[in-house]
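Taken in sequence, the protein lines are chains W and V.
If you're matching positions, the first sequence starts at 33 in the working numbering and goes up one per residue.
If you're matching positions, the second sequence starts at 33 in the working numbering and goes up one per residue.
Number of protein chains: 2
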Amino acid sequence: MMIATKKQYESLTEKTAIHFAKEFFAEDAVLECREIGDGNLNYVFHIKDSKNDKSLIIKQALPYAKVVGESWPLTLKRAVIEANALKKHGEFAVGLVPKVYATDEELAITVMEDLSHLKIVREGLIQLESYPKLATDIGEYLASTLFSTSDFALHPFEKKKLVSDFSNPELCKITEDLIFTDPFFDNETNDFEPSLRADVEAIWQNGPLKLEVAKLKKSFLTEAEALLHGDLHTGSIFASEEETKVIDPEFAFYGPIGFDVGLFLANLIVQTITRDGKQRIVILHQIEQTWEVFTTRFSALWKSEGIDAYKDTDGFEEYIVNKIFQDALGFAGCELIRRTIGLAHVKDLDGIVDDEQRINAKKQALQIGEKLILNRRDISSINAAISLLERVNK
Amino acid sequence: MMIATKKQYESLTEKTAIHFAKEFFAEDAVLECREIGDGNLNYVFHIKDSKNDKSLIIKQALPYAKVVGESWPLTLKRAVIEANALKKHGEFAVGLVPKVYATDEELAITVMEDLSHLKIVREGLIQLESYPKLATDIGEYLASTLFSTSDFALHPFEKKKLVSDFSNPELCKITEDLIFTDPFFDNETNDFEPSLRADVEAIWQNGPLKLEVAKLKKSFLTEAEALLHGDLHTGSIFASEEETKVIDPEFAFYGPIGFDVGLFLANLIVQTITRDGKQRIVILHQIEQTWEVFTTRFSALWKSEGIDAYKDTDGFEEYIVNKIFQDALGFAGCELIRRTIGLAHVKDLDGIVDDEQRINAKKQALQIGEKLILNRRDISSINAAISLLERVNK
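Right, dumping it as structure tokens:
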């Protein structure tokens, strides 16, 4: 449903958001509104009908991002991309993304399911909360959204239309710069602690590493394999012990399948660095389980929904899954490095209070990142990848 | 320039084409018009001012293709794609494509440079005509059009806009089916002589071959490396001893660079099969020269025009050129096979009158095709590829 509104963008306030939301509630609703976003990229209005115990979210994209200190103009089209990606992914990953009730392109608004009873997974993991469904749900989400939007499942006309609909140059550019380029050169957007300088300079001078990153960046720039979430870190996932919901696909575009898989794995890997003992084993198990569920579901979809003329050709499915695995390891490596020395850090690492521990954790993240990028073609299984984590952790 | 016209499609006739063309000639022009196309996909009107010795071509796309016996509806949008590809490629491969004077989207018309003083290269090669500039011009054409429309040369916003502008699902589907799928399965579109049946059935049952074709098809479906011509066989090239012009890019889209390179090489390879002695050496030399000029120019452009952050990273340029080479060999192999047993044949082979010679030539084409597809990763240079041709020819 498209809402009819005035045709010029303006920022909502808690008051105007309530006015806007009325039509989604009962006549006798008593509405309260709170802005609960971090205000960097979007407004997030939580609107509740206290009388009938109903609620929803109105998310509005802001025409700028406060990422580099000052504000950075950013296309409002990302609100449309995000809403359309939620709808498209929701067709396949049923129950694993928020429901979209309505959109307004001019106001860059999406009206959607209220998930405020859930917690952002990054926060929860840092607090050692338990997410017994996280790995299986994300494995399922990855397999169903990525397989179902690929050439393996779609008629080429439908797939190519989606490729055009989800062309997302501005948001892709952020990834191209911040994940694949800046951290590997002495660029002013980088941000790292002085005690890491020797490690960082070693990365900038590591020719073989940069060659592999160049290949991964080329894959990100050219390989339109499936409709990606495009930013699937643990801050883009809401969960509880019972539920998992993937949010915020504003970076969605057609790219290499391994990118979504790798970003999620990298953000779990960060937790293997910051945790010890049993708590660490929980995460190692989630890494293994995510990959196992992904491949099992991907393979089942290949058999039941696959339309590729070569789907039964010996070795083709294995070739594809192996390519996704190698790509995922490489992209995970890039994510680990950029989250440590690039512009956008993660609280898992930055939040470690003890200086020595924090620096040590960051050095491990860099080491694992390098090894994943350089050795991705020789890592033969998810267990071999986990062994690599063990070796660095010793 | 867009011509203002009535807004509904209708086929031109020699009479209405003259009327349409008047504005491109002098007041006192005495115009003659002849339809010189083969009428399968397009009308081609040759319009000449006999008084002032000027001429031009009006090409009009027909809303159907007579490819499979009966007519097959085909998007008129291909006229826009073709005109835009000529203009875009013409920016870089100066003088190597016809000039576009005007277009009319509704009538699916392109008004362009008259090249009727040149001959279609396939015809000329069959008649053993000499094209001393063909290999160097096509090497230059390939390097300049493909490098200059890739991420190596363009800002990502510009490149992604071109990817969307040149989305060409219907024409790509023809290639996906006729080059990458049908010839490798017992499909009714295939067309081959009974004496080839054993060889053809061996292809249908060749698992390792089909696995490699599956990978090449996947590359064609997903890898948006550069704005391809999309159908660069020797029937898409006009030439004389002095000039080369690449025509008919209606299959243009963003795809893997090796596809254009491979199609051209495959159509030269066909000539190495049908020729002997010195005449054959001419073609072997053209194959070598095309690749050498392509890589030399590509490398020069990489250095002078490249904008990739990793352009100076050791090994990256070599990796890219090597990928293009391996892809080109594989795509060449697919083209050789489909031109022998698929729907659309080539006169080079079908025109051989002697039955035994013709069947022998076709068997060689199939053998070379298979070897190129299966061994493309182990063929280390263009000379190694030429040695492979020698071995099959013995």
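In this text, a Cβ means the ideal position worked out from N, Cα and C, and glycines have one as well.
Hey, is Ala341/W's beta-carbon within less than 7 Å of any beta-carbon in chain V? Closer than 7 Å to some Cβ of chain V, the Cβ of Ala341/W qualifies, so yes.
Hey, is Lys109/W's beta-carbon within less than 7 Å of any beta-carbon in chain V? Proximity of Lys109/W to chain V, defined by a Cβ-Cβ separation below 7 Å, is not satisfied.
Shorter than 7 Å from the beta carbon of Ala360/V to some beta carbon of chain W? With 7 Å as the cut-off, Ala360/V does not count as an interface residue toward chain W.
Quick check: the Cα distance between Val302/V and Asp380/V, rounded to an integer number of angstroms? Straight-line Cα distance between these residues: approximately 7 Å.
7 Å is my cut-off, CB to CB: does Asp231/W come that close to chain V? Answer no: the Cβ-Cβ gap between Asp231/W and chain V never drops below 7 Å.
Where the region 199-219 of chain V meets chain W: residues whose CB sits under 7 Å from a CB there: Listed by position, the residues of the region 199-219 of chain V near chain W (Cβ gap below 7 Å) are Ser199, Pro201, Cys204, Lys205, Glu208, Thr213 and Phe217.
I need the DSSP call for Gly347/V, collapsed to helix, strand or coil. When DSSP states are grouped into helix, strand and coil, Gly347/V belongs to the coil group.
If you scan the region 117-162 of chain V from start to end, which runs of the beta strand (DSSP E) of 3 or more residues do you find wholly inside it? The beta strand (DSSP E) runs of length 3 or more contained entirely in the region 117-162 of chain V are, from start to end of the chain, 132-136 and 141-145.
Exposed unless 16 or more other CB atoms sit within 10 angstroms - verdict on Phe217/V: Exposed is the call here.
Given Ser82/W, which residues of its chain have a CB within under 7 Å of its CB, disregarding the five upstream and five downstream residues? For Ser82/W, same chain residues with a beta-carbon under 7 Å away, outside a window of 5 residues either side, are Val62 and Glu64 in chain order.
Leu166/V versus chain W: which residues are under 7 Å apart at the beta carbon? Neighbours of Leu166/V on chain W: none; closest Cβ ~29 Å, over 7 Å.
Determine which residues share a DSSP beta bridge with Trp104/W and list them. Answer is Ala97/W.
Within 10 angstroms of its Cβ, does Tyr342/W collect 16 or more other Cβ (buried), or is it exposed? It is buried - the Cβ of Tyr342/W has at least 16 other Cβ atoms within 10 Å.
Cβ pair Leu88/W, Val143/W closer than 7 Å: Contact: yes.
Should Ser196/V be flagged as near chain W, meaning a C-beta pair shorter than 7 Å? A Cβ of chain W is located within less than 7 Å of the beta carbon of Ser196/V.
Ala185/W to Glu172/V span [Cα, whole Å]: When rounded, the distance between both Cα atoms is 38 Å.
As a quick exercise: from Gly287/W, Leu260/W and Val293/W, pick the residue whose alpha carbon is nearest that of Pro281/W. Restricting attention to Gly287/W, Leu260/W and Val293/W, the CA atom closest to the CA of Pro281/W is found in Leu260/W.
Could you give the DSSP three-state label for Phe77/W: helix, strand or coil? Phe77/W: strand per DSSP, three-state reduction.
Can you name, in chain order, every residue of its own chain whose Cβ lies under 6 Å from the Cβ of Lys119/V, other than the five neighbours on each side? Within the same chain, Lys119/V has close Cβ partners Val132.
Taking buried to mean at least 16 other C-beta atoms within 10 Å of its own C-beta, is Asn299/W buried or exposed? A buried status is given to Asn299/W, since no fewer than 16 other beta-carbon atoms sit within 10 Å of its beta-carbon.
Mind checking whether Ile313/W and Val153/W have CB atoms under 7 Å apart? No, these two residues do not count as a Cβ contact at 7 Å.
Please report the distance separating the alpha-carbon of Ile391/V from that of Phe252/W. Ile391/V and Phe252/W: Cα-Cα distance of roughly 45 Å.
What residues from the region 245-262 of chain W come within 8 Å of chain V, judged by C-beta to C-beta, listed N to C? For the region 245-262 of chain W, which is checked against every Cβ of chain V, the residues closer than 8 Å are Val245, Ala246, Lys247, Lys249, Lys250, Leu253, Thr254, Glu255, Ala256 and Glu257.
Rounded to whole angstroms, what is the Cα-Cα separation between Gln40/V and Ala97/V? For Gln40/V and Ala97/V, the distance between alpha carbons rounds to 20 Å.
Would you kindly work out how many angstroms separate the C-alpha atoms of His187/W and Lys250/V, rounded to a whole number? For His187/W and Lys250/V, the distance between alpha carbons rounds to 14 Å.
Starting from Thr254/W, follow the beta strand (DSSP E) in both directions and report where the run begins and ends. Looking at the DSSP string, Thr254/W is not in any beta strand (DSSP E); the run it does join, the alpha helix (DSSP H), is Gly239 to Thr254.
What residue range is occupied by the uninterrupted beta strand (DSSP E) comprising Gly401/W? Where Gly401/W is concerned, there is no enclosing beta strand (DSSP E), although the alpha helix (DSSP H) it sits in stretches over Asp387 to Asn407.
Between the region 273-289 of chain V and the region 144-164 of chain V, can you find at least three pairs of beta-carbon atoms closer than 8 Å? Result yes; three or more Cβ-Cβ pairs closer than 8 Å.
Does the separation of the CB atoms of Ile170/V and Thr306/V fall below 7 Å? Not closer than 7 Å, so no.
Could you tell me whether the Cβ atoms of Gly309/V and Ile356/V are closer together than 7 Å? Contact: no.
Are the CB atoms of Leu194/V and Ala271/V nearer to each other than 7 Å? Not a contact, by the Cβ cut-off of 7 Å.
Helix, strand or coil: how does DSSP classify Lys335/W here? Reduced to three states, the DSSP call for Lys335/W is helix.
Let me see if you follow: with CB-CB separation under 7 Å, is Phe179/W close to chain V or not? Chain V contact via Cβ: absent.
Beta-carbon proximity list for Pro130/V, same chain, < 7 Å, skipping 5 on both sides: Non-local C-beta neighbours of Pro130/V in its own chain, meaning closer than 7 Å and more than five positions away in sequence, comprise Leu118, Met144, Glu145, Leu147, Lys277 and Ile279, ordered along the chain.
Where Phe124/W and Pro288/V are concerned, what is the direct C-alpha to C-alpha distance, given to the nearest angstrom? Our two residues, Phe124/W and Pro288/V, have alpha carbons roughly 29 Å apart in a direct line.
Bridge partners of Leu63/V, per DSSP? DSSP, once it has assigned bridges, lists Asp81/V as partnering Leu63/V.
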